[in-house]
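Step one of this worksheet: look at the structure below.
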Amino acid sequence: MDPRMVPVGRLFARLLLHEMDASMLAELRTPEIVRALEDVGVRVPCDATVDELAVDYCERILRPAAVAPPVQSLWQGGEYEGDCARAVRELARYCAFEFSAAAARGAPVDHVGSILLLWCEAVEDGRFDVATRIAMHHLAWVEPALRVASEGGGFYGDVCAAVIAWCRQVSAPSTVSPVDR
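Using the numbering used here, the letters of the sequence shown map in sequence onto residues 147 to 327.
So, in structure tokens, the structure goes:
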């Protein structure tokens, strides 16, 4: 588990869980964040308005037209609050992690952003067994879930493509503990 993946994972989780507002956009335009995002292939739009980005967020993340929202239970079981949600909730309980303080609008615990937050929390707390379990059992579905959203570029398209790459990296066999596979 590479702790250097945590800050980017937290930023991605925030971008996937929270609709863009003026303060978030201002923060994203700070030189440090611009560089960090550019390093992972995300260009922060210098001329987009909050409203334009909010519409893009809704169309790609919150309520995509072509596919289900990025919630593991929907992608793997066809309904909210399925076995995946129960498994993620149990891992969070094991880590004493509360989703309510971190997630927006009551996002499901198995929303991709919530899962990224839990992975980051586990790595920061040295709970590599939990981080490995998340990487092995709760990230494989992300690529097909975000593929459509990643197409066509734009800020959220770039974010989705970068999240796919991030998930691949943290799930790579060389970064996952062989004990917990």
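Beta carbons are placed, not taken as given, at the ideal position from N, Cα and C, and that holds for glycine.
Presumed contact (8 Å Cβ cut-off) between residue i and residue j, rounded CB distance
i: Ser260; j: Phe245; result: 6 Å
i: Val213; j: Ala182; result: Rounded, the Cβ-Cβ distance is 28 Å, inconsistent with contact.
i: Leu263; j: Arg150; result: With a Cβ gap of about 17 Å, Leu263 and Arg150 do not count as contacting.
i: Arg175; j: Val188; result: That belief does not hold up - the Cβ atoms of Arg175 and Val188 are roughly 12 Å apart, past 8 Å.
Short Cβ contact (8 Å threshold) for residue i with residue j
i: Ala231; j: Pro216; result: no
i: Val288; j: Ala277; result: no
i: Val152; j: Cys266; result: yes
i: Val309; j: Leu292; result: yes
i: Leu161; j: Val305; result: yes
Residue i - DSSP class collapsed to helix/strand/coil
i: His257; result: strand
i: Val190; result: coil
i: Asp326; result: At Asp326, the pLDDT of 49 sits below 50, so the modelled position is not reliable and the matter cannot be decided from this model.
Inter-residue Cα distance where the pair is residue i and residue j
i: Glu297; j: Met147; result: 29 Å
i: Arg209; j: Val201; result: 10 Å
i: Met282; j: Ala295; result: 23 Å
i: Ser219; j: Ala168; result: 32 Å
i: Met272; j: Pro290; result: The sequence shown places Gly at residue 272, not Met. The straight-line gap from Cα to Cα measures roughly 29 Å.
i: Ala307; j: Ala286; result: 14 Å
i: Cys241; j: Phe158; result: 21 Å
Classification of residue i by the beta-carbon crowding that lies within 10 angstroms, buried from 16 upward
i: Tyr203; result: buried
i: Tyr302; result: buried
i: Arg279; result: buried
i: Ala328; result: Because the chain is modelled from 147 through 327, residue 328 falls outside the range shown and cannot be assessed.
i: Asp193; result: exposed
i: Ala318; result: exposed
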